[in-house]
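In this note's numbering, the protein residues as written are 2 to 301.
Working notes, structure below.
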């Protein structure tokens, strides 16, 4: 063993998280060549490594991954929290021009530089907590100009910070007002114009969609995802947040689908959870500070 460096951790009591107390890690280049209890090293660290980094009293762990973020947006929706704490449903807030629509208006009016600066401020806080990989969604532009603006900000974030960025095109986040309530024509536009453009110019890694009563139907999302996969893009899904309609109809055609499951009732959980296999990810966090829906039983 000829590692370039050996990193030593301080002695701590192990627990159920498989912590190795008084451990050593041997690193060669960018690869971990050995790890385990320091007492199991064949020789002392000084004889094995050119450089030793003492990490006494510290915890060494892989960097964290945040697989679902809306990091880039304009404005804020602080005023809506009071409404939701009073029990006003999110769907009702959205119908009154709040929710996604409010953030779309603020994001469209923001410059690319403003969006980049605010996103980097948020990201710096997340990296300080140990984040090493982040998924970022668009979805607050909902037209060609502003969706591309958000995707450009993602690329600039990747170049500005030492972090891996997974880019999701969330054009099917909500129906923009200029489509006059015609969801099908908007999905047609996404399929015929935006997805081919994004795939050809490698502007995103995946396509996301919001399958909900205030979003898009399972049939519309299915059509969007099939077009995305035909262009070599992975797919991700927002589902089950406000109603229970999306997951079962889409399961037979999922393929490489990677759905984000928001709020599955306890009655449906035992039936759906095993079927989702490696794609499952439950995200009850947005509802914790709100009166409805009750997500604490799900956390238990």
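Just so you know, even glycine gets a beta-carbon here, dropped at the ideal spot from N, CA and C.
Apart from the five residues just before and just after residue i, which ones in its own chain have a Cβ nearer than 7 Å to its Cβ?
{"i": "residue 161", "result": "121"}
{"i": "residue 147", "result": "108, 109"}
{"i": "residue 180", "result": "186, 187"}
{"i": "residue 233", "result": "200"}
{"i": "residue 102", "result": "95, 175"}
{"i": "residue 1", "result": "No answer is possible for residue 1: it lies beyond the span of the chain, which begins at 2 and ends at 301."}
State the DSSP-derived secondary structure class of residue i, mapped to helix, strand or coil.
{"i": "residue 215", "result": "coil"}
{"i": "residue 1", "result": "Because the chain here runs from 2 to 301, residue 1 falls outside it and cannot be looked at."}
{"i": "residue 170", "result": "strand"}
{"i": "residue 237", "result": "strand"}
{"i": "residue 158", "result": "helix"}
{"i": "residue 164", "result": "coil"}
{"i": "residue 94", "result": "helix"}
{"i": "residue 176", "result": "coil"}
{"i": "residue 243", "result": "coil"}
{"i": "residue 65", "result": "strand"}
{"i": "residue 74", "result": "coil"}
{"i": "residue 263", "result": "Per-residue confidence for residue 263 stands at a pLDDT of 49, beneath the threshold of 50, marking its modelled position as unreliable; no derived number is given."}
With 16 other CB atoms within 10 Å as the buried threshold, where does residue i fall?
{"i": "residue 140", "result": "buried"}
{"i": "residue 83", "result": "exposed"}
{"i": "residue 114", "result": "exposed"}
{"i": "residue 77", "result": "exposed"}
{"i": "residue 203", "result": "exposed"}
{"i": "residue 104", "result": "buried"}
{"i": "residue 94", "result": "buried"}
{"i": "residue 87", "result": "exposed"}
{"i": "residue 145", "result": "exposed"}
{"i": "residue 210", "result": "buried"}
{"i": "residue 57", "result": "exposed"}
{"i": "residue 33", "result": "exposed"}
{"i": "residue 79", "result": "exposed"}
{"i": "residue 59", "result": "exposed"}
{"i": "residue 267", "result": "Since pLDDT at residue 267 reaches only 45, below the 50 mark, its modelled position is unreliable, and the value read off the structure follows with that caveat. Looking at its Cβ environment, which holds fewer than 16 other Cβ atoms inside 10 Å, residue 267 is exposed."}
Between the Cα of residue i and those of the options, spot the shortest distance and give me the residue it belongs to.
{"i": "residue 24", "options": "35, 233, 182", "result": "35"}
{"i": "residue 118", "options": "228, 155, 22", "result": "155"}
{"i": "residue 197", "options": "230, 182, 214, 71", "result": "230"}
{"i": "residue 235", "options": "242, 199, 243", "result": "199"}
{"i": "residue 212", "options": "206, 203, 226, 202", "result": "226"}
{"i": "residue 168", "options": "60, 239, 137", "result": "137"}
{"i": "residue 166", "options": "195, 126, 134", "result": "134"}
{"i": "residue 126", "options": "194, 145, 72, 97", "result": "72"}
{"i": "residue 55", "options": "242, 179, 39", "result": "39"}
{"i": "residue 320", "options": "65, 98, 214", "result": "Because the chain is modelled from 2 through 301, residue 320 falls outside the range shown and cannot be assessed."}
{"i": "residue 123", "options": "143, 158, 233, 68", "result": "158"}
{"i": "residue 237", "options": "69, 243, 186, 37", "result": "69"}
{"i": "residue 194", "options": "172, 60, 215", "result": "172"}
{"i": "residue 129", "options": "201, 178, 163, 245", "result": "163"}
{"i": "residue 206", "options": "189, 170, 239, 228", "result": "170"}
{"i": "residue 61", "options": "37, 48, 41", "result": "37"}
{"i": "residue 178", "options": "106, 26, 48", "result": "106"}
Excluding the 5 residues preceding and the 5 following residue i in the sequence, name in chain order all residues of the same chain whose CB lies nearer than 8 Å to its CB.
{"i": "residue 184", "result": "176, 217, 218, 221"}
{"i": "residue 5", "result": "Low per-residue confidence applies at residue 5: pLDDT is 45, beneath 50, and the placement is therefore not dependable, though the value from the model is reported in the following sentence. Answer for residue 5: 28, 29, 30, 50, 51, 52, listed in chain order."}
{"i": "residue 63", "result": "133"}
{"i": "residue 116", "result": "73, 74, 75, 108, 150, 151, 154"}
{"i": "residue 67", "result": "127, 132, 134, 135, 136"}
So, at 6 Å on beta carbons, what are the nonlocal neighbours of residue i in its own chain, with the 5 sequence-adjacent residues on each side left out?
{"i": "residue 19", "result": "none"}
{"i": "residue 99", "result": "81"}
{"i": "residue 151", "result": "73, 139, 142"}
{"i": "residue 1", "result": "The structure shown has nothing for residue 1, since the chain only spans 2 to 301."}
{"i": "residue 208", "result": "170, 229, 234, 236"}
Taking Cβ positions only, does residue i come closer than 9 Å to chain B?
{"i": "residue 84", "result": "Structure shown: chain B not included; a single protein chain is present."}
Which runs of the beta strand (DSSP E) spanning at least 3 residues fall entirely within the segment 20-60, listed in chain order? Listed in chain order, they are 24-29, 32-38, 52-56.
Could you name each continuous beta strand (DSSP E) segment of 3 residues or more that falls completely within the segment 178-226, going from the start of the chain to the end? DSSP runs (the beta strand (DSSP E)) wholly in the segment 178-226: 207-212.
Whole alpha helix (DSSP H) elements within the segment 102-151, 4-residue minimum: Complete alpha helix (DSSP H) runs here, min 4: 113-129.
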